[in-house]
Amino acid sequence: MFARQSVRTAVAAARVQPAAQRNASSLVNKLQTLSEKSIYYAKVTAELSKIVYVKEGLAPPTVAEFTKVYECASKQAQLFAKDPKAVIELFIKNAKGFNKDEILRYLAYFIQILGFFSLGEIIGRRNVVGYASEH
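Residue numbers (the UniProt record's numbering): 1 to 135.
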């Protein structure tokens with residue numbers, strides 16, 4: 001009786017092992033394909049970023065520029081803390097000075113930021129609309 005059971009167990013294990021090997025092989029192939037695609041798209045993104053960097057004339061800020069912006073922001077924050085209505089008045093004054101090109105540029109920036117935010121939300125939820133229902 002025990003001999004028959006051990007033979008059956010050995011036969012069942014022999015049947016399962018090739019299936020496990022196929023599953024492992026399939027998983028390895030999928031991961032290899034995914035890694036190749038990821039590397040390709042990372043290289044494409046890097047090259048595109050270089051082109052945009054050169055065309056837009058981008059450069060990191062100098063220490064003097066950074067210091068100037070920080071001091072200006074610090075002064076503005078102190079002024080707005082003393083007089084909160086000044087924030088609204090300054091916003092209205094600056095909004096009147098925009099021309100059509102600036103409005104379109106800032107609208108494009110807003111749309112890009114909104115798109116990246118939405119993409120992050122979709123990735124975080126792992127679903128395009130709403131959260132995945134649990135069954």
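Idealized CB from N, CA, C, for every residue including glycine.
- Contact annotation, VAL87 with PHE80: C-beta distance approximately 5 Å; criterion of less than 8 Å satisfied.
- Short of 7 Å from the beta carbon of PRO60, and not among the five residues preceding or following it, lies no beta carbon of its own chain.
- DSSP places PHE98 outside both helix and strand once states are collapsed to three, so it counts as coil.
- Take the alpha-carbon of ARG22 and the one of ASN127: they are about 30 Å apart.
- The three-state secondary structure of TYR131, taken from DSSP, is coil.
- Between SER35 and LEU119, the alpha-carbon positions lie close to 21 Å from each other.
- In this chain, the alpha helix (DSSP H) harbouring ALA77 covers 63–82.
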